[in-house]
Amino acid sequence: MPELPEVETTRRRLAPRVEGRRIDAVSLRRGDLRWPIDREIGEMLPGARIVRVGRRAKYLILETDRGAAISHFGMSGRWSIVPDTEEPQLHDHVDVHLDGGEVLRYHDPRRFGALLWGGDDPARHPRLSGLGPEPWGEDGPESIGDHLWRTARGRSAPLRNFLLDGGVVAGVGNIYASEAAHQAMIRPTRAASRISRARYRTLAVALAEVLEASILRGGTTLRDYSDPAGNAGRYGEICAVYGRAGEACPRCGGTVRRVVISARSLYYCPKCQK
């Protein structure tokens, strides 16, 4: 599933291409994805001008002068810009026709994505209103470390599961939770409440660095993800532990271990992560 770096990569690729442009029409080839597509998408977007392409957690937000459309990629969704003469293929479900003869096209073979209407204040939409702060924090990542430490009091869940809770911190997925925990030298199976404030501050800095490193490499492609130009993400090439069970830890030489918790794999080095 595309995580924060993949959505942010898409946002950065799309923004200079679509901001300021008028939407001439919207073509919906089906009425639903994971959930029904809100009717306002087809009613409000035609004639609107795109003001900004934003992101909140793993959601892409198309802000216009008539309201905002909110997109979640699900497992296989992606947006691209194509000429309006390019015929849609089987899994091209939504076309946003732009002035100048181009189309912002949504492709989603598994249809686990979503296209929702956020109105004038998308932050109040039920899918966004309960999210925690972004991993970078308004006052820097150390403030996120303090937030994580306070929120973790009394939490017995493993650190990895705690980080995946979008109500705690927004947009952190399985890959980056494992990578950040490794960089911070914290075992991701440790109970969230049994980690000190100082170590949470270290973890928060690691998390911000890991996410930014992934964004700079276009995110991570495991199966389906590609950016608007069709390029695969390359962060997986430099992952320290994720997907590397049985290999040597690049820091200490220990053997990377894979553990399944809550039906999802996590990876860590038992030698240097405590």
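Residues 57 to 330, numbered by our numbering, are exactly what the sequence shown covers, in order.
Where is the CB? At the ideal position from N, CA and C, for every residue including glycine.
The DSSP-derived three-state label of residue 257 is helix. The beta carbon of residue 100 sits closer than 6 Å to the beta carbons of 122, 123 from its chain, once the five residues preceding and following it are set aside; these are given in chain order.
Unbroken alpha helix (DSSP H) stretches of 4 residues or longer found wholly inside the region 74-112: 96-100, given in chain order.
Partner residues in the beta bridge of residue 128, as assigned by DSSP, are 115, 170.
Taking a contact as a CB-CB distance under 8 Å, the pair residue 94 and residue 173 counts as one, their CB atoms being some 4 Å apart. Relative to residue 90, the option among 104, 61, 132, 118 whose CA is nearest is 132.
Beta-carbon to beta-carbon, residue 254 and residue 244 are separated by about 18 Å, too far to satisfy the 8 Å threshold.
In this structure, the CA atom of residue 186 is about 39 Å from the CA atom of residue 143.
Here the alpha carbon of residue 165 sits roughly 27 Å from the alpha carbon of residue 175. The DSSP-derived three-state label of residue 324 is strand. A straight-line Cα-Cα distance of about 33 Å links residue 194 and residue 300. Unbroken alpha helix (DSSP H) runs of no fewer than 4 residues, entirely contained in the region 139-221, are found at 182-185, 197-207, 215-220, following chain order.
The count of Cβ pairs closer than 8 Å, one atom from the region 145-160 and one from the region 71-78, reaches three, so the stretches are in contact.
Taking the C-beta atoms as reference points, residue 221 is found no nearer than 8 Å to residue 65. Non-local C-beta neighbours of residue 249 in its own chain, meaning closer than 7 Å and more than five positions away in sequence, comprise 208, 209, 210, 211, 212, ordered along the chain. The three-state reading of DSSP puts residue 299 in coil, since its state is none of H, G, I, E or B. Where residue 242 is concerned, there is no enclosing alpha helix (DSSP H), because DSSP gives it neither an H nor an E.
One Cα belongs to residue 275, the other to residue 293, and the distance between them is close to 10 Å.
Within its own chain, the residues whose Cβ lies closer than 8 Å to the Cβ of residue 191, once the five positions on either side in sequence are excluded, are 60, 197, 200, 225, 226, 227, 228, 260, 263, 264, 267, listed in chain order.
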